Each structure stands twice: as structure tokens, then as C-alpha cells.
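Data first, discussion second: the structure below is written as C-alpha cells.
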Amino acid sequence: MSTYAAAKVVAAREIKVKLRDKTFLFSTAFFLLFSIAVTVLPSLFSGGPTSVAVADQATATALQQADLEVRVVGDDAAAEKLLRDGDVDAAVVSGPEVLGMSEAPNDVVRALSTAPPVRLLDADAVDPFLAYIVPFALAFVFFFTSFLFGLQIAQSVTEEKQTRIVEILVASVPTRALLAGKVAALSLLAFVQVGLIAIVTLVGSRLAGLDSGVLRLLEPTIGWFVAFFVVGFVMLAALWAGVGAMASRPEELSSSSQPVQMAVMLPFFAVIFFGENELVLRILSYVPISAPVAMPTRIFKDEAALWEPLVSLGLMAVTAAVLLAIGTRIYEGSLLRTNGRTSWATAWRSNATS
């Protein structure tokens with residue numbers, strides 16, 4: 615059996631196992647529900663526009679221009695009756711006077727108030743709340759998904775090593791095919807999960823009636839994020855397998871995987887803490903371990919030129935090739951060592967047949 619054919623068999627086995635894994639199914643359901651919650655639910659629970667009863671046609675026109683739900687009635691008494699009966703949220707009577715039941719209908723008051731003209735110096739600026747929540751969501755998805763799938767790779771390798779199944783596998787399947795199959799399978803599943811999250815988020819944003827200017831920034835942001843996520847996950851996947859092979863028991867996995875855990879955690883905290891610092895964020899967008907979050911964040915804030923994501927992605931691809939080679943060597947050098955935890959130096963000097 616060729617290495618390619620063996621890798622396909624290993625990948626197919628890993629995918630079948632993970633599709634029955636409750637952790638994978640739960641995490642996928644959680645992220646899809648999270649995507650729906652942050653896009654669709656706010657508009658559903660907002661209750662829609664305030665309904666107002668009014669008799670004066672000129673006032674009704676002003677309220678309609680403010681996107682309020684207006685019911686034109688014959689007189690003020692009819693408007694007040696609709697309010698008391700609970701058919702509308704507010705009423706406007708002669709004066710004009712705004713009527714409410716238990717709280718002031720501020721949106722109606724604002725619609726009828728005369729405000730001075732406003733000129734925006736930065737009309738394309740992102741809403742402050744979205745400027746915070748979108749980078750946070752990107753960082754959270756990258757951190758949680760890459761950490762979960764990466765840890766599953768490491769745990770799978772450690773379990774196979776502890777139970778000695780790996781000795782049977784290596785006897786029939788080339789070591790590199792075994793590694794390639796695991797990395798390919800988990801990378802594919804991670805891509806599918808993040809792709810579903812991206813689709814649900816975009817569809818939910820449109821259903822929620824999100825501002826077209828925000829959608830103009832959000833759509834390319836999510837598209838680039840998926841691309842950066844795939845390269846970023848592959849970049850670390852072989853290292854996860856390597857640290858899994860270094861541990862001979864699950865209890866040793868935590869200490870052996872600390873360097874890779876830090877590589878996953880650092881981008882999350884870096885973007886959260888330095889997301890408002892344009893210079894730091896620009897630097898982070900070219901550092902391979904933080905670029906999967908930092909560059910899409912800059913794209914959302916409309917701070918990145920068209921060429922920048924391509925350069926950043928290219929740097930990540932080169933780094934991924936280097937880390938794949940390092941991870942493969944660590945994996946091969948420690949896979950068959952069962953006499954305790956293998957150090958990085960020992961794994962680097964050894965080979966899979968030692």
C-alpha cells in the first residue's frame with residue numbers, strides 16, 4: 615500500500631470516529647447556536663419598531679420617516695384608547711404630547727424632536743460594539759476550535775501509544791502516512807465546522823437586517839478568516855501530533871503540549887488586549903501564530919490594504935511547511951518510545967525505528 619493510499623485509509627477512519635464523537639457534535643452545535651444567537655436573536659427579541667397611534671397626518675409622516683409603526687386614527691381620544699388597550703406602545707396627541715403607559719417611549723420623543731444637523735468626519739467608522747464583539751468572536755472561534763481539534767489529535771496519538779495499538783499500526787502503515795491521515799482528517803473536520811459557522815453567521819446577519827455597511831465589511835472578513843483558519847490549523851496540527859507522541863500516558867500530555875497550547879492561546883489574548891492599538895495589531899497580523907485572528911480583525915476595521923492578507927497568508931504557508939516538518943520529525947522520533955515522557959531534544963535526535 616502506498617503512503618498516499620494508507621493516509622487516505624487513516625483519514626477515513628479518523629473521520630468516522632470523530633463523526634460519532636459527542637464532543638465534536640456538541641462543539642459544532644454549540645458554535646452554530648452561538649452564531650445564531652449573536653446575529654438573529656437580538657433582532658427577534660427587540661420586539662420590532664415601536665407602534666404609535668396618532669391623529670395628525672404631519673406627525674404621522676415624521677414618525678414613519680423614523681421607521682416607527684404608525685396607526686393613524688380619527689382623534690386624540692381614539693389614540694389614547696389604543697394605548698390603554700395595549701394595541702400600541704405609545705400615542706401622540708395635540709400639543710404635541712407623547713403618551714406612554716409605564717415608561718417613556720424615547721424613540722418616539724426622538725423622532726419628534728428637532729435636532730441640529732450632524733456632519734460625520736468618519737462616516738465609515740465601525741460601531742464601537744461591533745468593533746469589539748467581532749474581533750472577540752473571531753479570536754474565540756479560532757482559539758476554541760483549534761485548541762479542541764488539536765488536543766483531540768494529541769490525545770488520539772497518546773491513547774494509541776499507551777495501548778500499544780500504534781505498534782500494530784506502524785507495522786502495517788508508514789509512520790508519515792499515519793500522521794498525514796490524522797492531520798488531514800482533523801483539518802477537514804475543523805474546516806467544515808468553521809465553514810458552517812461562517813455560513814450561519816452570514817445568513818443570520820442578513821436575516822437580522824444588519825446594516826449594509828457592516829455586511830460589506832463582515833462578509834470579506836469571514837471569508838478571509840476561514841482561509842486563515844485552515845492554514846493556521848494545519849500549521850499547528852503536526853505539532854499537536856508530535857507532542858501527543860512525546861507523552862506515554864494521558865497525564866503527561868498537559869506538560870508536553872504546553873508550547874503548542876501557548877501558541878494557540880497567545881493570539882486570543884493578544885487581539886483582546888491590543889485590538890484597539892493599530893500599530894500592534896498591524897504587527898500581529900504578520901506574525902504567523904496571531905495572523906489568523908489579527909488580519910481578519912484589520913480587514914473588518916477596514917485598515918488592511920488588498921495585498922496585506924495575501925502577504926500574511928503567504929508567510930503563514932511558509933511557516934506551516936516548516937512546522938509540519940518539525941512536527942513530523944518530533945512525531946517519528948517519539949512515537950515508539952514508551953519508557954516515559956520523551957523530551958523535545960530526544961525526539962528531535964531519534965527516529966521512529968529507534
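If you count the sequence shown from 1, position 234 lands on 848 in this note's numbering, and the numbers rise without skipping. Note that CB positions come from ideal geometry on N, CA and C, so glycine has one too. Keep in mind it's a predicted model, so treat the numbers as computed, not measured.
Please identify the residue among the options whose C-alpha is closest to the C-alpha of residue i.
i: glutamine 807; options: Ser616, Val624, Phe645; result: Phe645
i: alanine 935; options: Phe640, Val686, Thr956, Met849; result: Met849
i: serine 871; options: Ile944, Ala931, Ala799; result: Ile944
i: leucine 816; options: Gln671, Leu803, Ala798, Leu832; result: Leu832
i: alanine 691; options: Ser868, Val901, Leu713; result: Leu713
i: isoleucine 779; options: Ala859, Leu752, Ala718; result: Ala859
i: valine 748; options: Ala931, Trp958, Ser786, Lys915; result: Lys915
i: alanine 676; options: Pro710, Thr772, Thr777; result: Pro710
i: threonine 969; options: Arg963, Asn953, Ala674; result: What is shown of the chain runs 615 to 968, which leaves residue 969 out entirely.
i: isoleucine 811; options: Phe758, Leu950, Asp635; result: Phe758
i: glutamate 946; options: Gly856, Glu917, Ala931, Asn953; result: Gly856
i: alanine 918; options: Leu893, Asp689, Ala768, Leu633; result: Leu893
i: phenylalanine 750; options: Asp689, Asp701, Phe842, Phe883; result: Phe883
i: glutamate 628; options: Gln678, Glu774, Ser727; result: Glu774
Where does residue i fall in DSSP's three states?
i: valine 624; result: helix
i: glutamate 694; result: helix
i: leucine 765; result: helix
i: arginine 912; result: helix
i: alanine 704; result: strand
i: leucine 713; result: strand
i: alanine 966; result: Caution is warranted here: a pLDDT of 41 is assigned to alanine 966, below 50, making its placement in the model unreliable, and the coordinate value is therefore given only provisionally. Of the three classes helix, strand and coil, the one that applies to alanine 966 here is coil, per DSSP.
i: threonine 675; result: helix
i: leucine 920; result: coil
i: valine 787; result: coil
i: alanine 855; result: helix
i: aspartate 699; result: coil
i: methionine 879; result: helix
i: tryptophan 958; result: helix
i: alanine 861; result: coil
i: leucine 898; result: helix
i: isoleucine 903; result: coil
Taking 7 Å as the threshold (C-beta atoms), are residue j and residue i in contact?
i: alanine 669; j: alanine 693; result: yes
i: serine 801; j: alanine 851; result: yes
i: serine 649; j: valine 814; result: yes
i: alanine 798; j: phenylalanine 763; result: no
i: leucine 895; j: alanine 908; result: yes
i: alanine 794; j: alanine 939; result: no
i: alanine 680; j: alanine 725; result: yes
i: aspartate 699; j: threonine 664; result: no
i: threonine 835; j: proline 788; result: no
i: proline 902; j: leucine 929; result: yes
i: threonine 617; j: alanine 785; result: no
i: valine 666; j: valine 684; result: yes
i: proline 881; j: serine 904; result: yes
i: phenylalanine 638; j: lysine 632; result: yes
Assuming residue i and residue j make a contact with CB atoms under 8 Å, what is their CB distance in whole Å?
i: valine 845; j: glycine 809; result: At roughly 14 Å, the Cβ-Cβ gap does not stay under 8 Å, so valine 845 and glycine 809 are not in contact.
i: valine 874; j: tryptophan 854; result: 6 Å
i: phenylalanine 756; j: proline 906; result: 5 Å
i: alanine 838; j: isoleucine 913; result: It is worth fixing the name first, because residue 838 is tryptophan in this sequence and not alanine. About 6 Å; that satisfies the 8 Å criterion.
i: leucine 752; j: valine 722; result: That pair is no contact at about 37 Å.
i: glutamate 866; j: arginine 955; result: 4 Å
i: alanine 961; j: serine 948; result: 4 Å
i: glutamine 776; j: arginine 863; result: 6 Å
i: alanine 674; j: valine 686; result: 5 Å
i: methionine 715; j: leucine 696; result: Between leucine 696 and methionine 715 the Cβ distance is about 11 Å, and since that is not below 8 Å, they are no contact.
i: lysine 796; j: serine 770; result: 7 Å
What are the partner residues of residue i, as DSSP defines its beta bridges?
i: leucine 639; result: Partner(s): none; leucine 639 has no beta bridge.
i: arginine 685; result: Ala667
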